[in-house]
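So the structure is just underneath, and the comments pick up after that.
In the UniProt record's numbering, the protein residues as written are 1 to 875.
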């Protein structure tokens, strides 16, 4: 940002009004004791009154910092005054509020000008003035180089402008006498214009900081000039000139001219981009003249020096080019198109509440007549609501009892003999939507492949562990005590424990797969039927020929229609009951107006009239519902007698009933199997992630051990070579050539251990490293890797790791996949391959039991249990 933002950002802040201390607690307490409810102890409001008095002291007497916390104190006090004013008649409050003029500093011989008014409205006006003044002070103290400071500045200046504008409209009606000069409508209007001008100025700083286009900045700046011109016009009125600080008018006048000049400068840059050299020169010259005028108006020397120099340099450069190259005529600035304006700042209207999370300290405070009237109204309202709801529920219970005695609507479930019951049609449709038999078979066929994949990963991990241990045992046997590194058996113990656990999990999962396949086989035929189209399913269900006569029975269709009417009545009653409970209306404002206007409240007339408006329509709907039920029940009993007669001559077929029951059982089994198989598929996929991580850790461990082994063998080889004496000097013809194109000589074979004369076939041993570093290959080890540098590896923590949750099997009698139990992890601490799925192990699972009657008989055992639930999302 240019230095303009630092030197020119002298914002004007409005001073606060000062007040005298007043006593709030005693007058208000006496008012409550003499006027308000005698049923409530007036002392109950002492705490609230003391808090209100403390709020006033903090908001008016305490020295407030230029921070938003100071505004919060003022907001709370103003909101409490607003709430209290709505409950207490203004004429009853006899508290003398004295406030001094904000701009009057007094004289040597006298004090400051002030005004005392016994009105809470006057107190509110003065507090609002101070709120706007404090907002201007906080805004003026913000840093114009930060976005946060500029945003807060713009918000507070616009809020202050809105408050001053609001006060201008209400001050005379609130005070009802001549106010102090700071509260005159003309003063408040000028302050509102000044605040909006400074808010627009903050948008100029934001635009320059963000390096917006010259055309946009020009429009924003032109609006800044227009706002300051309006503020200057109002502030220069004869009756207001002596009110302001001595430098205010000079600052505003200087900014008005300066921003006009800056707008012309940015518009000249727009003309430059359009190759309009004449317009550019004209605007630059006008910009220089305006900025010099602003310099002369300002009391600070050199305030706009940088902008003058900037515009002058641009003018000189462009004029030189025009004199030698373009030779364009420089038009008069008055003939140029006026610069557009972008009005971004607007006064923010005063809201109903200034503070957030406002809590009325006098919420329960109402006059005695109003309190009694509200209580009587609540009694009438409660009686109506409870009576209507009780009537609805009583009649609904009666209707349900009658239908239950007639076995309705259950008796209508299967009356055709050939047509499927609607419930069975819905179940078959659900199975078809889920993919039917094909979907189940596909899931079952995928399980073996998923299982085999996991087995292969685990087998490979165990193979690598076995190979590494065999190599370690062989070298330890060869080098005896010289082989000093930690044994593989000790280091791999946690890994082998995890491998064993994983193997147990896989074995139990295989048992769970078997149980699933067995259950599917038992219900496969009926699941196949349910997967077929509806007409094929209907043809497959045995027909109950004696029942065909009921298919075209008019009594059946009548009863079904009546059952639908019954459900409609129940739904309507639920809606009516909800409406009865939700109706609410606050008569407090009506009673307050009546009390203030007439001095008394006619509660019965008001309550009965209002309750009739609110509940009249609902009461009518309740009566209609009861009448409709009485008529319907009589018709149902008559038609049901005919239906029973027809049904008694048509016995249902046992074969058909058995098939329908089997289809219903197949539906339940399908839903269970579908959920179980999806869980099983997810289990195997999640287990794959765990096993791949485990395999990677095993691979990293084996690679680190291999590197360690090579370094240890190389160290042993060198130590043996050093202990055998000084080697003889090679003959001249054996000197190594320095030619880099020739390969280096082959290193001598390693000296065998224990002084053996035969060369060893084992690779060179690595040196021993500390146990905590044994699985991390060093740079030296990587450089001596026998087949070139090792591939890049992840940074590994020291092995072995701390324990983390691991899977554990689930008992096969529950037909569920095994779950996980707490065990050593093969992954780094805190690593979660599930991305949030595995957190804690489920508890309460046991190993499978050995039961000679297992699996259980379906006729004597409970329904098929849930499919494996691991890996759970809460591992």
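Note that CB positions come from ideal geometry on N, CA and C, so glycine has one too.
Point to revise | Chain-order list of residues whose beta-carbon lies under 7 Å from that of residue 40 (same chain, five-residue window excluded) | key: Only weak support is given to the placement of residue 40: the predicted model assigns it a pLDDT of 42, under 50, and the value that follows is read from those uncertain coordinates. Hits under 7 Å: none found.
Exercise for review: On a CA-only basis, which of 289, 295, 408 and 132 is nearest residue 639? Give me that one, please.
Suggested key: 408
Check your understanding: Taking the C-alpha atoms as reference points, what is the distance between residue 55 and residue 591?
Key -> 30 Å
Review point. With burial defined as no fewer than 16 other Cβ atoms inside 10 Å of the residue's Cβ, what is the status of residue 307: buried or exposed?
Key: buried
Review point. In terms of alpha-carbon separation, which member of 472, 470 and 222 lies closest to residue 290?
Key: 222
Practice item. Ignore the nearest five residues each way along the sequence and tell me which others in residue 526's own chain have a CB closer than 6 Å to its CB. Key: 662, 663 and 666
Exercise for review: Figure out for me which residue from 141, 163, 149 and 145 has the closest Cα to the Cα of residue 124.
Suggested key: 163
Review point. Just curious, the alpha helix (DSSP H) that residue 272 is in, first and last residue?
Key: 248–273
Practice item. Might you give, ordered along the chain, the residues of its own chain that have their beta carbon closer than 8 Å to the beta carbon of residue 189, omitting 5 neighbours on each side? Key: 164, 165, 168 and 234
Exercise for review: On a CA-only basis, which of 45, 578 and 204 is nearest residue 386? Give me that one, please.
Suggested key: 578
Check your understanding: Can you tell me whether DSSP reads residue 114 as helix, strand or coil?
Key -> strand
Point to revise | Buried versus exposed call for residue 283 [16 or more other C-beta atoms within 10 Å across all chains shown] | key: buried
Review point. CB-CB under 7 Å to residue 187, same chain, minus the five flanking residues each way: which ones, in chain order?
Key: 181, 240 and 243
Check your understanding: Which residue or residues does DSSP assign as beta-bridge partners of residue 97?
Key -> 117
Check your understanding: When the Cβ atoms of the region 24–33 are set against those of the region 124–133, are three or more pairs found closer than 8 Å?
Key -> no
Practice item. Rounded to whole angstroms, what's the CA-CA distance from residue 347 to residue 280? Just pull it up for me. Key: 35 Å
Exercise for review: Assign residue 79 to buried or exposed, taking buried as 16 or more other Cβ atoms, counted over all protein chains shown, within 10 Å of its Cβ.
Suggested key: buried
Practice item. Determine the direct distance from the alpha carbon of residue 482 to that of residue 696, and round the result to whole angstroms. Key: 30 Å
Check your understanding: Using the beta-carbon count (16 or more within 10 Å), is residue 86 buried or exposed?
Key -> exposed
Practice item. Inspect the CB distances between the region 447–460 and the region 501–510 and report whether three or more fall short of 8 Å. Key: yes
Practice item. Go through its chain and collect everything with a Cβ distance to residue 517's Cβ below 8 Å, but skip five positions before and after it. Key: 444
Review point. How is residue 484 classed by DSSP in three states: helix, strand or coil?
Key: coil
Check your understanding: Do the region 58–68 and the region 358–375 meet, that is, are 3 or more Cβ pairs less than 8 Å apart?
Key -> no
Point to revise | DSSP three-state assignment for residue 492, whether helix, strand or coil | key: coil
**Study point:** DSSP three-state assignment for residue 356, whether helix, strand or coil
**Key:** coil
Practice item. With DSSP collapsed to three states, give me the class of residue 565. Key: helix
Exercise for review: Just mark residue 20 as buried or exposed, buried being the case when its beta carbon has 16 or more other beta carbons within 10 Å.
Suggested key: exposed
Point to revise | Through-space distance from residue 330 to residue 141, alpha-carbon basis | key: 43 Å
Review point. DSSP three-state call for residue 19: helix, strand or coil?
Key: strand
Point to revise | DSSP state of residue 347 mapped onto helix, strand, coil | key: coil
Exercise for review: Tell me where the alpha helix (DSSP H) around residue 455 begins and ends.
Suggested key: 436–479
Point to revise | Simplified DSSP assignment, three categories, for residue 236 | key: coil
Check your understanding: How is the alpha helix (DSSP H) around residue 185 delimited, first residue to last?
Key -> 185–209
Practice item. To the nearest angstrom, report how far apart residue 700 and residue 490 are at their CA atoms. Key: 17 Å
Practice item. Determine the contact status of residue 137 and residue 246, defining contact as a CB-CB distance below 7 Å. Key: no
Check your understanding: Under the three-state reduction of DSSP, which class applies to residue 917: helix, strand or coil?
Key -> The shown model of the chain, from 1 to 875, leaves out residue 917, and the question about it has no answer.
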